[in-house]
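Visitor: Got a structure for you, questions after.
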Amino acid sequence: MYNSTEATDVNRGPCAPETRKAELEKLSGWAHRTQAHKIYWLNGMAGTGKTTIVYSLCTELDSSRRLGASFFCSRMIPECRNVKHILPSIAYQLASFSLPFRYALSQVLKSDRDVHNRLLKNQFDSLIVKPLQEARHTLSFDIIVVIDALDECENENSVGQILDVLLGNDQSLPIRFLISSRPEPGIYRRMMKQVGESFDARLVLHELDQITVKNDIRAYLTHELDDIPLTPTQLEALVERSGVLFIYAATAAGYIKAGYLLMDHEERLDMILGTSPFSSEGKDKHIDELYNTILNAAFNNTSLDQLGRERMGTVLNTVICAQEPMTTHALAGLLKLKSGEQVEALLRPLGSVLHVSEKSGLVTALHTSFPDFLLDQRRSTMFYCNLAQHNKIIARACLGVIKHHDPQFNICNIESSYHPDEKIADLDERINKAISPQLFYSCRHWANHVQLAGEPRELAESVLDFLSVRLLLWMEVLNLKKCIHLGVNIMRQIENWGRQVEAPVELTELAHDAWRFVTMFASHPVSRSTPHIYISMLPFWPAEGPISLHYTSRTQNIIKPAGIALINRQPALLATWSFGSQVRSTKFSPDGSRIAVASGKELFIINGSTGQRLVGPLKGHTNTISSAEFSPDGLHVASSSWDGTIRVWNAQTGQMPVPPLAGHALSVESIHFSPDSARLVSGSWDTTLRVWDITTGEMVMGPLEGHIAFVTSVMFSPDGNLIASGSSDKTIRIWEAQSGAMKYVLEGHTAGVTSVAFSPDGSYLASGARDKTIKRWDVKREFEPWVSIEGYIITAIQFSPDGQRIVSASEDNTIRIITLERPHWKDAVSLRGHTNYVISIMFSQDGSRILSGSSDNTVRVWDAKARLTTTQYFRPASDGHHNEVNLVQYLPDDAHIVSKSIDRVVRSWHPQTCRASGNADMHLRFAKEQGCIAFSRRGGTVSGSLSGVIQVHSNDQASFRATVTDRHGAISALAWSPNDEFIAAGLDAAIQLWDIRTRQVLVNQHTSPPNRVTSVVFSLNSQFFAATSGNIITIWDIEDGQRKQNILEGHTQLTTSVSFSPDNKLIASGSKDTTVRVWNFQTRRTAFGPFRGHTDEVTCLTFSPDGTRIASGSRDMRICLWDLHSEDMLFETLEGHTGAVLSVAFSHSGAYIVSGSSDCAIRIWTSKPENTNPDSVSRASFGSWSLTREGWITDSRGRALLWVPTDLRAPLLMPRNTGIICANGSLNLDFESTTIGETWSGCYTPVRSLV
């Protein structure tokens, strides 16, 4: 910004007196006019003086209180070359300029503290527009905001995006923008469209009258060289050599003045004016001559010996090749020179081309033309800086700084691992002392220098040493400096480099594992505490992985997880991010840096490495979003919805460039962009396809008709000539993309087609269907079937970028990677971790990651290159369920637990061993459409189907089937009476009671109002049964079949569950309103409650056998225990499930509780703390620890003990658990003798380096 310390660091200042008066007068006139253009563009070629003019204007505007904010972009300062910093900086300055603006901005920040990390349009709207709208009545004139040198920002796309944002600004707002830049094509095109040839909104410095410019240069030189005796002839010669380039004049003046101090200014002047032509030609000729003259004089100085010249050259080349400007002390530390003073002395002869800030010591080139000169061998000849060779030198230096840093562990001497970094009071001060500028530079940029280096194999040994010994130190530095996210790309960069240069296999494998390690750390809350790199990351890392092999041997007394779950875990899982609704679509951006997520009715764009939300939620759809797609150019995201519309969003701003695309008569299920990003094809439940122009929003082709059922999937071929569509009518159709003509109908599937995908080269088309097959069709042979792979119900498929693999998503919650050389399910690699249907699947463009979205409300990222084996994933971990467990129950003898999952699998377990008992998988006894089930005390079962069929299996009575009245529809709830004589069934809008002996219906009544029955239950004496529908509880007397009481008052939302007390005097109910109520059965009044403890829907509840307690389960993942005899009612909560608790039951002894969850796990708990199994004492070494939703294990004081990876939380045994039944096995944590908390620094011994 103007008048900042950075201005001094880079030698930025105003125009010399009596220069550029005409230009400044014109700019000042624009700024002060009441009616003027909202955007002014000052442009000019390099060296024409743009920045000094802008700085002078800022001085004038600041003195007149018209300068609201300024931002001076600079290629030399990282923060100043990143577009994302511009708007937050402007907002901060405007808040200082205007108190009303400051207040309005504070309100914005209260509602969204991360707004500065949003996309540019969101930043502009929230940080600038909204506060300005609130404060506009307090401003009597337009505020001027200056943005200088926009062309020096590092990302052309970002430059274009911020220009689009600024140029699209509301013209009525009291703000104007002055933008200066070189006339780069992207900037020129946008600015000319805005300001055109308007004289009042544009000033082009290199098109000014040359006489006027030379007069200004003459005045400048006269002022700068005032103390130096120049003859008029010498002055005019300097003016002529400068031409219209102020940078030439400034460089020459600096060179001559430096010589004046050394009494050789005459010699320097003669060198400049007497310079013979070099090989440079054209526009660079004069400046090249000047630079060569300056360098010749510096390096040929007789006071320098050969070592001094070499050091000067090394420092100069390091300044030129550095990824960002460094201080003299940082350069000294990096290059192993004595001090910053020595570096400054070496650079002093170069003071006319390099600037050393007196305040900060930062070294920068005075103008960008100087690095351009040195890096061009044709222009700089003997002073040429060989980029590849010198980057190798810097790479070695960076790795050396990291290697020889002391200490190599806990560099900030953090005393305890209990607290996050942000809670350590003086940590910033420690960081500044412990992490030198050269260390921080080295940690961020060593990989860039390695990649840019020549003869890369010479660096392989140093890189291997870094990966095998220094990785954790490097992670400490990045995490403490809050830039660990950079580490993800750095590790990927090094792995790719290793493969490109054919580095040793050990290096590339270690780099890959390091990428996984850093990604896991950076993308999860564990990164909030630096000690947990060691405390939490290392213990859970696969023992056979390269990271463990190199680093675990250096640990002492870290926690040692144990259990089959650790062996059977998914090593491919990198990240898991949760959303509020099912995720039906997830897509990488073309460069893999962002992910589009469709969750419910909302669309999000998140960071592809960390999961941080960048844009959204984007709202507008009125029904579930079915599909989301990035355009191939990455500029747009399209979303389709069950509301029948398609919306196109700007991927950076979240704005909609065109109105919603409407035309389909029913839900739109699938969309896909054409390869040129210009068109979009959509497929709908109305059986048609349509093609849209995304620029105009108009339909340009369609409706394309031919399918006779829902269109479920559409895709353009890679060359854009064909469109493939899959349908519930079991066919795939191929259409000409230009004419819409149907070319082929592909038949072969025996159930609905759910997904189609072209291979990247367009040679093949793959299709997945509900018939459990994937078929591959040969495009070149007129779509001849090539191979058919049978196995599982397919929801989505995609080819890998190399076309050699297909990844599929299935309804069994599993992702499978199929190698087309071995196209069989038995040879596929399975990725398990989702707890519900996987709906969306995708490879990243570089093939390194797989992205999945699921009905379990999560997005997961997987390592596509993990070294997986098929046996590893088909080995049964246990007999646990692979789907949501929605029913658990103890049998009367407490020797068995029965359970059911939503995939209709019923199983029986020994609670002591958690092993399957009897028939471990009884689902074959029930039809596929069975929806619910209930158990009798004697082991019988009754199941109800979605088509209204009741099927009874009784151990001592004849089994039978019965069909309810057709109009009642699906059976939603079932109960078997304790005396084994009756079955109650809840339907869509009716309740039935069956006598098992006579097979007669005793009760058949409609609910009033007609709502779906959510729960039915019998009293313990089998005299009454109750049912819930809506927010009503209805009770029947079985003897006379009459309805006894409707409880209408109480719950404000759907009543989900009901239970009788053992003495038949009380009824407990749970509701979607998050409360539990207890009703007196005799008085029909509320006896206790409402009990408030849950934060989400109560899904299930039950009384303890003695009637003193109630256990309730909820979608908040907790079980609450309510003591009916205590004052506060809430006895305690049991936490450990990682999904909704769907079923809960006491053992008949009352000593234990069993729960089933959407996380697919069954947990057995002690019902009272005093009943805790001695085997779990080690798990409670730190008291009654608990697991937070973010994965932190915390003690009773809330201190963080350990962070548990997402995939290991469901099988984790909690202190109150006596057992857990999970498909992946169980995981036990032993905290005995662990060095955590205040003793954590004893957990690791680093390798010391000999300096």
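Per our numbering, the sequence shown runs over residues 2 to 1252. Beta carbons: idealized from backbone N, C-alpha and C, even for Gly. These numbers come from a predicted model, not from an experiment.
Between the beta-carbon of K602 and the beta-carbon of S632, is there less than 9 Å?
Guide: Going by C-beta atoms, K602 is not nearer than 9 Å to S632.
Visitor: Quick check: the stretch 844–851 against the stretch 882–890, are there 3 or more CB pairs under 8 Å?
Guide: No contact exists between the stretch 844–851 and the stretch 882–890.
Visitor: Keeping to the same chain, check which residues put their C-beta closer than 6 Å to that of T1246; ignore five residues upstream and five downstream.
Guide: Answer for T1246: R555, listed in chain order.
Visitor: What span of residues does the beta strand (DSSP E) with A797 cover, start to end?
Guide: A797 -> beta strand (DSSP E) spans I795 to F800.
Visitor: If you measure between the beta carbons of S718 and E670, is that distance less than 9 Å?
Guide: No, they are not a contact pair.
Visitor: Between the C-alpha atoms of S811 and P89, what's the straight-line distance to the nearest angstrom?
Guide: Going by the C-alpha atoms only, they are around 44 Å apart.
Visitor: Just checking, does the stretch 534–553 make contact with the stretch 885–897 on the three C-beta pairs under 8 Å criterion?
Guide: No, they do not touch.
Visitor: What three-state label does DSSP hand S1177 in the structure shown?
Guide: Summary for S1177: the model assigns pLDDT 43, below 50, so the residue's position carries little reliability; its value from the coordinates is reported in the next sentence. Helix.
Visitor: Look at the alpha carbon of I1125 and the alpha carbon of T1109, and state the distance between them as a whole number of angstroms.
Guide: For the record, residue 1125 in the displayed sequence is Leu; it is not Ile. Approximately 6 Å, taken between the alpha carbons.
Visitor: Looking only at its chain, what residues have a beta carbon closer than 6 Å to the beta carbon of A666, apart from the 5 residues adjacent to it on each side?
Guide: D687, listed in sequence order.
Visitor: Which class does N44 belong to by DSSP, given the choice of helix, strand or coil?
Guide: Correct three-state label for N44: strand.
Visitor: Thinking just about the alpha-carbon of each residue, which of L681, D864, V1142 and C933 is nearest to the one in R905?
Guide: That would be C933, whose Cα lies nearest to the Cα of R905.
Visitor: Are there 16 or more other CB atoms within 10 angstroms of the CB of N1225, so buried, or fewer, so exposed?
Guide: Its Cβ being crowded by 16 or more others within 10 Å, N1225 is buried.
Visitor: Thinking just about the alpha-carbon of each residue, which of D171, I432, R76 and D644 is nearest to the one in E155?
Guide: Of the listed residues, the one whose Cα sits closest to E155 is R76.
Visitor: Excluding five sequence neighbours on each side, which residues of the same chain lie with their C-beta closer than 7 Å to the C-beta of I395?
Guide: Closer than 7 Å at the Cβ level, and outside the excluded window around I395, lie T319, C322 and H450.
Visitor: At which residues does the alpha helix (DSSP H) containing A435 begin and terminate?
Guide: It spans L428 to A435 - the alpha helix (DSSP H) in which A435 sits, taken as one unbroken run.
Visitor: Classify F247 as helix, strand or coil using the three-state DSSP reduction.
Guide: It is helical.
Visitor: So, does the stretch 1115–1122 touch the stretch 1132–1144, judging by three or more C-beta pairs under 8 Å?
Guide: Yes: the two stretches touch, three or more of their Cβ pairs being nearer than 8 Å.
Visitor: Suppose you measure from the CA of A452 to the CA of D466; what does that come to, to the nearest Å?
Guide: As written in the sequence, residue 452 is Gln, which differs from the Ala given in the question. If you take the alpha carbons of Q452 and D466, they lie about 17 Å apart.
Visitor: How about S1283 and V584: do their beta carbons lie closer than 9 Å?
Guide: One cannot answer for residue 1283 here, as it falls past the ends of the chain, which runs 2 to 1252.
Visitor: In the structure shown, what three-state DSSP assignment does W578 receive?
Guide: W578: strand per DSSP, three-state reduction.
Visitor: G352 and G255: beta carbons closer than 9 Å?
Guide: Closer than 9 Å, so yes.
Visitor: Please state whether the Cβ-Cβ distance between I1039 and T1056 is less than 9 Å.
Guide: No, these two residues do not count as a Cβ contact at 9 Å.
Visitor: Using only CA atoms, which one of S640, F1104, K404 and I229 lies nearest to I606?
Guide: Minimum Cα distance to I606 is reached at S640.
Visitor: Helix, strand or coil for L363? Go by DSSP, reduced to three states.
Guide: Residue state, collapsed to three classes: strand.
Visitor: At 4 residues or longer, what runs of the alpha helix (DSSP H) sit wholly inside the stretch 837–910?
Guide: Listed in chain order, they are 871–875.
Visitor: Take T1207 as the anchor and find which of S729, V1142, L1143 and R570 has the nearest alpha-carbon.
Guide: Considering only alpha carbons, the answer is R570.
Visitor: Short of 6 Å in beta carbon distance, which residues of its chain neighbour W31, apart from the five on each side in sequence? Order them along the chain.
Guide: Around W31: A37 and Y41.
Visitor: Just to confirm, are L604 and P618 a CB contact at a threshold of 9 Å?
Guide: Yes. Within cutoff.
Visitor: Is the beta carbon of V862 closer than 9 Å to that of S524?
Guide: A contact, by the Cβ cut-off of 9 Å.
Visitor: Extract the residue ranges of the alpha helix (DSSP H) inside the stretch 534–600, only unbroken runs of 4 or more that lie entirely within it.
Guide: The qualifying runs are 547–552 and 565–568.
Visitor: Kindly confirm or deny that the stretch 728–737 and the stretch 805–822 touch, where touching means at least three C-beta pairs closer than 8 Å.
Guide: No: fewer than three Cβ pairs fall under 8 Å.
Visitor: Using a Cβ-Cβ cutoff of less than 6 Å, which residues in the same chain neighbour A1069 once the five nearest sequence positions on both sides are dropped?
Guide: Contacts found: S1060, V1079, L1102 and I1111.
Visitor: Please name the residue, chosen from E359, S1030 and W995, that lies closest to S1023 on a Cα-to-Cα basis.
Guide: Per the Cα distances, W995.
Visitor: Kindly confirm or deny that the stretch 738–746 and the stretch 764–777 touch, where touching means at least three C-beta pairs closer than 8 Å.
Guide: With the cut-off at 8 Å, the stretch 738–746 and the stretch 764–777 do not touch.
Visitor: Looking at C-alpha atoms only, which residue of E1191, I1154, E1239 and R1249 is the closest neighbour of I1221?
Guide: Comparing Cα positions, the closest option is I1154.
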